[in-house]
Amino acid sequence: MGSDVRRLGDEVGAALTDVIGELEGLSRPAGADPSELSGSAEQVLLRVSGTDRKDAGVRRSPPPNSVIVVDDAFVYTTDELGRVVRAEATLTAGEPGERNDYAQHTLKGKLPGDDAGHLIARVLGGLGDQLNLVPMTRKVNREEYAAMERRWRRAVEQGKTVDLEIELEYDTDARRPISIVVSYEIAGQKPRTVPFDNDPTEEIEP
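Just so we're aligned: 50 in the UniProt record's numbering is position 50 of the sequence shown, and the numbers increase by one with no gaps anywhere.
Quick look at the structure:
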(Lines of atoms letter the chains of each structure in order from A and count residues from 1; the text may use other names and numbers.)
(Lines give C-alpha, C1' and ligand atoms only; values in the text may rest on other atoms or scores of the structure.)
Protein backbone atom coordinates (compact mmCIF):
# COMPACT_ATOMS: atom_id res chain seq x y z
CA MET A 1 0.00 0.00 0.00
CA GLY A 2 2.81 2.41 0.85
CA SER A 3 4.26 2.16 -2.67
CA ASP A 4 1.00 3.48 -4.07
CA VAL A 5 1.41 6.81 -2.35
CA ARG A 6 5.18 7.23 -2.37
CA ARG A 7 5.13 10.16 -4.75
CA LEU A 8 3.30 12.29 -2.20
CA GLY A 9 6.33 12.35 0.06
CA ASP A 10 7.04 10.35 3.18
CA GLU A 11 4.85 12.25 5.64
CA VAL A 12 1.91 12.82 3.31
CA GLY A 13 2.13 9.30 1.95
CA ALA A 14 2.14 7.79 5.42
CA ALA A 15 -0.93 9.82 6.40
CA LEU A 16 -2.87 8.76 3.33
CA THR A 17 -1.78 5.15 3.75
CA ASP A 18 -3.25 5.18 7.27
CA VAL A 19 -6.52 6.61 5.95
CA ILE A 20 -6.81 4.02 3.20
CA GLY A 21 -5.89 1.25 5.63
CA GLU A 22 -8.64 2.31 8.01
CA LEU A 23 -11.16 2.46 5.19
CA GLU A 24 -10.16 -0.97 3.91
CA GLY A 25 -10.59 -2.26 7.44
CA LEU A 26 -14.12 -0.90 7.44
CA SER A 27 -14.76 -2.41 4.02
CA ARG A 28 -13.77 -5.89 5.16
CA PRO A 29 -12.56 -6.55 8.70
CA ALA A 30 -9.39 -8.62 8.91
CA GLY A 31 -10.15 -12.32 8.73
CA ALA A 32 -13.82 -11.76 8.05
CA ASP A 33 -15.72 -14.29 5.98
CA PRO A 34 -17.54 -12.52 3.09
CA SER A 35 -20.60 -14.65 3.81
CA GLU A 36 -20.75 -13.16 7.30
CA LEU A 37 -21.00 -9.64 5.88
CA SER A 38 -24.20 -10.22 3.95
CA GLY A 39 -26.22 -8.38 6.57
CA SER A 40 -24.65 -5.03 5.66
CA ALA A 41 -23.46 -3.46 2.43
CA GLU A 42 -19.76 -4.05 1.86
CA GLN A 43 -17.73 -1.10 0.63
CA VAL A 44 -15.68 -1.43 -2.52
CA LEU A 45 -12.27 0.23 -2.81
CA LEU A 46 -11.68 1.93 -6.18
CA ARG A 47 -8.51 3.65 -7.38
CA VAL A 48 -9.06 6.08 -10.23
CA SER A 49 -7.31 8.83 -12.15
CA GLY A 50 -8.52 12.39 -11.90
CA THR A 51 -7.99 12.98 -15.62
CA ASP A 52 -8.09 9.65 -17.48
CA ARG A 53 -11.23 9.26 -19.59
CA LYS A 54 -11.58 5.61 -18.67
CA ASP A 55 -12.42 6.69 -15.12
CA ALA A 56 -14.78 9.49 -16.15
CA GLY A 57 -17.85 7.42 -15.31
CA VAL A 58 -16.80 6.99 -11.68
CA ARG A 59 -15.96 10.67 -11.33
CA ARG A 60 -19.25 11.68 -12.97
CA SER A 61 -21.54 9.22 -11.18
CA PRO A 62 -19.90 7.74 -8.08
CA PRO A 63 -21.02 4.16 -7.36
CA PRO A 64 -22.71 3.39 -4.04
CA ASN A 65 -20.95 1.97 -0.99
CA SER A 66 -17.52 2.79 -2.32
CA VAL A 67 -14.23 4.24 -1.14
CA ILE A 68 -12.81 6.09 -4.14
CA VAL A 69 -9.13 7.03 -4.11
CA VAL A 70 -8.26 9.63 -6.76
CA ASP A 71 -4.63 9.95 -7.87
CA ASP A 72 -3.52 8.63 -4.47
CA ALA A 73 -4.31 12.10 -3.15
CA PHE A 74 -8.05 12.35 -2.42
CA VAL A 75 -10.33 9.81 -0.76
CA TYR A 76 -14.12 9.92 -1.15
CA THR A 77 -16.60 7.63 0.61
CA THR A 78 -20.11 7.12 -0.78
CA ASP A 79 -23.23 5.78 0.88
CA GLU A 80 -25.82 3.33 -0.43
CA LEU A 81 -27.23 6.02 -2.76
CA GLY A 82 -23.87 6.96 -4.24
CA ARG A 83 -23.75 10.25 -2.33
CA VAL A 84 -20.39 11.42 -1.03
CA VAL A 85 -20.57 11.34 2.76
CA ARG A 86 -16.87 11.87 3.46
CA ALA A 87 -13.88 13.36 1.68
CA GLU A 88 -10.31 13.24 2.96
CA ALA A 89 -7.02 14.64 1.73
CA THR A 90 -3.65 16.03 2.65
CA LEU A 91 -3.21 19.23 0.66
CA THR A 92 0.20 20.25 -0.64
CA ALA A 93 1.41 22.78 -3.20
CA GLY A 94 0.65 21.59 -6.73
CA GLU A 95 -1.19 22.20 -9.96
CA PRO A 96 -4.85 23.29 -9.87
CA GLY A 97 -7.52 20.84 -10.96
CA GLU A 98 -9.30 21.03 -14.30
CA ARG A 99 -12.48 23.07 -14.60
CA ASN A 100 -15.64 21.22 -15.65
CA ASP A 101 -18.46 23.63 -16.48
CA TYR A 102 -20.73 20.80 -17.64
CA ALA A 103 -20.47 19.07 -14.26
CA GLN A 104 -21.36 22.29 -12.48
CA HIS A 105 -24.40 22.93 -14.68
CA THR A 106 -25.74 19.36 -14.47
CA LEU A 107 -25.11 18.62 -10.78
CA LYS A 108 -28.12 16.84 -9.29
CA GLY A 109 -29.94 18.21 -6.26
CA LYS A 110 -29.34 21.92 -6.83
CA LEU A 111 -32.10 24.28 -5.80
CA PRO A 112 -32.71 27.66 -7.46
CA GLY A 113 -29.88 29.95 -6.45
CA ASP A 114 -27.55 27.12 -5.41
CA ASP A 115 -23.92 26.87 -6.50
CA ALA A 116 -22.14 23.66 -7.40
CA GLY A 117 -19.58 23.89 -4.61
CA HIS A 118 -16.24 22.09 -4.65
CA LEU A 119 -15.56 20.03 -1.53
CA ILE A 120 -11.85 20.44 -2.23
CA ALA A 121 -11.10 23.66 -4.11
CA ARG A 122 -10.00 23.33 -7.71
CA VAL A 123 -7.13 25.77 -7.09
CA LEU A 124 -5.86 23.29 -4.50
CA GLY A 125 -5.93 20.39 -6.94
CA GLY A 126 -9.55 19.35 -6.40
CA LEU A 127 -11.54 17.67 -9.15
CA GLY A 128 -13.98 19.55 -11.32
CA ASP A 129 -16.21 16.47 -11.60
CA GLN A 130 -19.41 15.59 -9.75
CA LEU A 131 -17.48 13.40 -7.30
CA ASN A 132 -16.07 16.59 -5.77
CA LEU A 133 -19.19 18.76 -6.15
CA VAL A 134 -22.26 19.22 -3.96
CA PRO A 135 -25.07 21.79 -4.01
CA MET A 136 -24.24 24.68 -1.68
CA THR A 137 -25.99 27.93 -0.91
CA ARG A 138 -24.22 30.92 -2.38
CA LYS A 139 -23.46 32.21 1.10
CA VAL A 140 -21.74 28.98 2.09
CA ASN A 141 -19.86 28.54 -1.17
CA ARG A 142 -18.82 32.11 -1.90
CA GLU A 143 -18.31 33.46 1.61
CA GLU A 144 -17.91 30.97 4.46
CA TYR A 145 -16.35 28.00 2.65
CA ALA A 146 -14.29 30.31 0.43
CA ALA A 147 -12.77 32.01 3.48
CA MET A 148 -11.64 28.64 4.80
CA GLU A 149 -10.19 27.68 1.42
CA ARG A 150 -8.16 30.88 1.37
CA ARG A 151 -6.56 29.86 4.67
CA TRP A 152 -5.67 26.49 3.16
CA ARG A 153 -4.23 28.12 0.07
CA ARG A 154 -2.03 30.49 2.08
CA ALA A 155 -0.76 27.53 4.09
CA VAL A 156 0.23 25.39 1.09
CA GLU A 157 1.83 28.40 -0.59
CA GLN A 158 4.01 28.67 2.52
CA GLY A 159 5.05 25.05 2.07
CA LYS A 160 2.79 23.65 4.79
CA THR A 161 0.49 20.67 4.53
CA VAL A 162 -3.21 20.73 5.38
CA ASP A 163 -4.87 17.52 6.59
CA LEU A 164 -8.62 17.63 6.16
CA GLU A 165 -11.72 15.53 6.56
CA ILE A 166 -15.12 16.61 5.30
CA GLU A 167 -18.33 14.95 6.49
CA LEU A 168 -21.68 15.51 4.82
CA GLU A 169 -25.17 14.89 6.18
CA TYR A 170 -28.23 14.40 3.99
CA ASP A 171 -31.97 14.36 4.62
CA THR A 172 -33.50 10.99 3.65
CA ASP A 173 -32.77 10.34 -0.05
CA ALA A 174 -31.96 13.95 -1.02
CA ARG A 175 -28.91 14.68 -3.17
CA ARG A 176 -28.28 17.99 -1.44
CA PRO A 177 -26.43 17.94 1.92
CA ILE A 178 -28.11 19.75 4.79
CA SER A 179 -24.83 20.20 6.62
CA ILE A 180 -21.11 20.01 5.91
CA VAL A 181 -18.59 19.63 8.72
CA VAL A 182 -14.93 20.22 7.92
CA SER A 183 -12.15 19.18 10.28
CA TYR A 184 -8.67 20.28 9.28
CA GLU A 185 -5.20 20.81 10.65
CA ILE A 186 -2.57 23.08 9.14
CA ALA A 187 0.95 21.89 9.93
CA GLY A 188 2.15 23.55 13.12
CA GLN A 189 -1.30 24.76 14.13
CA LYS A 190 -4.12 23.44 16.29
CA PRO A 191 -6.84 21.34 14.61
CA ARG A 192 -10.08 23.11 13.76
CA THR A 193 -13.61 21.91 13.09
CA VAL A 194 -15.93 24.16 11.10
CA PRO A 195 -19.63 23.31 10.60
CA PHE A 196 -21.56 24.76 7.66
CA ASP A 197 -25.35 24.95 7.72
CA ASN A 198 -26.44 24.41 4.12
CA ASP A 199 -30.02 25.53 4.78
CA PRO A 200 -31.44 27.17 1.64
CA THR A 201 -34.29 28.95 3.46
CA GLU A 202 -31.92 31.69 4.60
CA GLU A 203 -31.47 32.81 1.01
CA ILE A 204 -35.09 32.62 -0.13
CA GLU A 205 -36.54 36.09 -0.52
CA PRO A 206 -39.96 36.70 1.08
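Where a beta carbon is used, it is the ideal one built from N, C-alpha and C, also for glycine.
Keep in mind that this is a model prediction, so the values were computed, not measured.
In the three-state reduction of the DSSP assignment, Ala89 falls in the strand class. Judged by beta-carbon spacing, Arg122 lies beyond the 8 angstroms limit of Gly82, meaning their Cβ atoms are not closer than that value. The beta carbon of Gly159 lies closer than 8 angstroms to those of Ala93 in the same chain, with the five residues before and after it left out.
Exclusion of the five residues before and after Gly50 leaves Val70, Asp71, Leu127 as the residues of its chain whose Cβ lies within less than 6 angstroms of its Cβ.
Two segments are said to touch when three or more pairs of C-beta atoms, one from each, lie closer than 8 angstroms; by this definition the stretch 137 to 150 touches the stretch 188 to 202.
The beta-carbon separation of Asp129 and Arg59, rounded to 4 angstroms, stays under the 8 angstroms limit for a contact. The secondary-structure analysis by DSSP pairs Ser179 across a beta bridge with Glu169, Asp197. When C-beta atoms of the stretch 100 to 108 are compared with those of the stretch 177 to 186, fewer than three pairs fall below 8 angstroms, so the two segments do not count as touching. Counting the other CB atoms within 10 Å of its CB gives Lys190 a total below 16, which places it among the exposed residues.
Only buried fits Thr77, as 16 or more other CB atoms lie within 10 angstroms of its CB.
Following the DSSP letters along the chain, one finds Arg47 inside the beta strand (DSSP E) bounded by residues 44 to 48.
Ile166 is not a Cβ neighbour of Arg47, given a cutoff of 8 angstroms.
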